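> Once you've had a glance at the structure underneath, I'll fire off some questions.
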Amino acid sequence: MNYLGVDEAGKGPVMGSMFIGGVLINKINYLKIEELLIGKNSFNDSKKIKNKKREEFYNIFKDFAKIEVYEISASEIDKLRTKYTMNEIMVIAHAGLIRKFEREADVIYLDASDVNEDRFGMYVKKLIEKFVKPDLKIISKHKADETYPLVAAASIVAKVWRERHIADLKRVYGDFGSGYPSDPKTIKFLTDFYKKYNTFPEIVRTSWKTCERIKNAVNQRDKSIFNYFSSI
Numbered sequence: 001m002n003y004l005g006v007d008e009a010g011k012g013p014v015m016g017s018m019f020i021g022g023v024l025i026n027k028i029n030y031l032k033i034e035e036l037l038i039g040k041n042s043f044n045d046s047k048k049i050k051n052k053k054r055e056e057f058y059n060i061f062k063d064f065a066k067i068e069v070y071e072i073s074a075s076e077i078d079k080l081r082t083k084y085t086m087n088e089i090m091v092i093a094h095a096g097l098i099r100k101f102e103r104e105a106d107v108i109y110l111d112a113s114d115v116n117e118d119r120f121g122m123y124v125k126k127l128i129e130k131f132v133k134p135d136l137k138i139i140s141k142h143k144a145d146e147t148y149p150l151v152a153a154a155s156i157v158a159k160v161w162r163e164r165h166i167a168d169l170k171r172v173y174g175d176f177g178s179g180y181p182s183d184p185k186t187i188k189f190l191t192d193f194y195k196k197y198n199t200f201p202e203i204v205r206t207s208w209k210t211c212e213r214i215k216n217a218v219n220q221r222d223k224s225i226f227n228y229f230s231s232i
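Numbering (full-length UniProt numbering), first residue to last: 1 to 232.
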């Protein structure tokens, strides 16, 4: 029996790609995942693991597990959003990752990205049915990374790739913060960039409402200044 854990990193940011991580192991190696992530390492706190520790785990996983990652760039996300909801894009992304393990997995654990966890699993299964074993079992749960060590491992893999990706982007664009809409440093970077170039860099998900708000704020400010000087 082969078990596959799947999770994502980078669904919510306004900048950078989203990554879906997958970790495939057999029953014996499942126990290794549990030993690594349960107890003193507490896998249910995986989101709080520091970057360096995640890299260490990632390198250990590679010794006994098959690892794959599926990336969707900012521009690809924007393109998909013209046809699909974000929940549907998450289904597509998870299916894309699972296809990399064609007919290898017997059981798949998913961190459901839909309010209806069963529906999420059903949609993913329907999208991949031609590429997997006919008796494949999918377990789709909310916060699966806090319940299943294998999903926690997949979460670590996805986060490692996302963190490396962001580090690469910062070497090109400078420090723009976390890339999340709630980060003041990210908002300042986007605002300053838009003021200077009247557009956003290609690493930005321009379909996010964050970009629309920044554009409106900058354009309204410019309009107000223009009206002021026009009245003199």
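Cβ atoms here follow ideal geometry from the backbone N, Cα and C, with glycine treated the same way. Since this is a predicted model, take the numbers as computed values, not measurements.
Considering just the uninterrupted stretch of the beta strand (DSSP E) at Lys137, what are its terminal residues?
What you label residue 137 is simply residue 137 of the sequence shown in a count that begins at 1. Where Lys137 is concerned, the enclosing beta strand (DSSP E) stretches over 137-141.
> Is there at least one non-hydrogen atom of the ligand MN closer than 7 Å to the beta-carbon of Ile38?
By its list of ligands, the structure shown contains no ligand whatsoever, and the ligand MN lies outside what it can speak to.
> So, using beta-carbon positions, are Lys200 and Thr206 closer together than 8 Å?
Taking the sequence shown and counting its residues from 1, the one referred to as residue 200 is at position 200. Taking the sequence shown and counting its residues from 1, the one referred to as residue 206 is at position 206. A quick correction: the sequence has Phe, not Lys, at residue 200. Against a cut-off of 8 Å, the Cβ pair of Thr206 and Phe200 comes out as a contact.
> Would you kindly report the start and end of the unbroken beta strand (DSSP E) that includes Tyr3?
The residue given as residue 3 occupies position 3 in the sequence shown. Looking at the DSSP string, the run of the beta strand (DSSP E) that includes Tyr3 is 2-9.
> Between the C-alpha atoms of Leu97 and Gly21, what's the straight-line distance to the nearest angstrom?
As a working mapping, residue 97 is identified with position 97 in the sequence shown. As a working mapping, residue 21 is identified with position 21 in the sequence shown. Their backbone Cα atoms lie some 7 Å apart in a straight line.
> Please determine, among Leu24, Arg162, Ser113, Lys170, the residue with the shortest C-alpha to C-alpha distance to Asp94.
If you number the sequence shown from 1, residue 94 lands on position 94. It is His, not Asp, that sits at residue 94 in the sequence shown. Here the closest residue by C-alpha is Ser113.
> May I ask you to report which of helix, strand or coil DSSP gives Lys215?
Looking up residue 215 in the sequence shown gives position 215. Looking at Lys215 - three-state DSSP - the assignment turns out to be helix.
> How about Val151 and Val124: do their beta carbons lie closer than 8 Å?
By 1-based counting over the sequence shown, the position of residue 151 is 151. By 1-based counting over the sequence shown, the position of residue 124 is 124. It is not a contact, given that the beta carbons lie outside the stated cut-off.
> Under the three-state reduction of DSSP, which class applies to Gly174: helix, strand or coil?
Numbered from its first residue, the sequence shown carries residue 174 at position 174. Gly174 falls in the coil class under three-state DSSP.
> With Gly22 as the anchor, note down where its beta strand (DSSP E) starts and where it stops.
If you number the sequence shown from 1, residue 22 lands on position 22. Looking at the DSSP string, the run of the beta strand (DSSP E) that includes Gly22 is 18-26.
> Give every residue of the same chain whose Cβ lies closer than 8 Å to the Cβ of Ser231, excluding the five residues on either side of it in the sequence, and list them in chain order.
The sequence position of residue 231 within the sequence shown is 231, counting from 1. Interpretation of Ser231 is limited by its pLDDT of 43, a score under 50 that renders its predicted location unreliable; the figure taken from the coordinates is listed afterwards. None.
> Contact check, Asp7 vs Ser140 under 8 Å by CB: the rounded distance?
Translated into positions along the sequence shown, residue 7 becomes position 7. Translated into positions along the sequence shown, residue 140 becomes position 140. That pair is no contact at about 12 Å.
> Are the CB atoms of Asp106 and Lys137 within a distance shorter than 8 Å?
Taking the first residue of the sequence shown as position 1, residue 137 is located at position 137. Taking the first residue of the sequence shown as position 1, residue 106 is located at position 106. Yes; because the gap between Cβ atoms is below 8 Å, this pair is in contact.
> Sorted by chain position, which residues of the same chain lie with C-beta nearer than 7 Å to residue 233's C-beta, five sequence neighbours on each side aside?
Outside the shown range of the chain, which is 1 to 232, sits residue 233, and nothing can be said about it.
> Could you give the distance in angstroms between the alpha-carbon of Phe229 and the alpha-carbon of Phe189?
As a first step, residue 229 must be located in the sequence shown, where it is residue number 229. As a first step, residue 189 must be located in the sequence shown, where it is residue number 189. Confidence at Phe229 is low in this model, with a pLDDT of 47, below 50, so its placement is unreliable and no value can be given for it.
> If you draw a straight line from the C-alpha of Lys53 to the C-alpha of Asn116, how long is it?
By one-based count along the sequence shown, residue 53 stands at place 53. By one-based count along the sequence shown, residue 116 stands at place 116. Roughly 32 Å separates the two Cα atoms.
> Please work out which residues of its chain come closer than 6 Å, Cβ to Cβ, to Phe19, disregarding the five sequence neighbours upstream and downstream, and give them in chain order.
Counting from 1 along the sequence shown, the entry for residue 19 is found at position 19. These residues qualify, in order along the chain: Ala9, Gly10, Val69, Glu71, Ala158, Trp161, Arg162.
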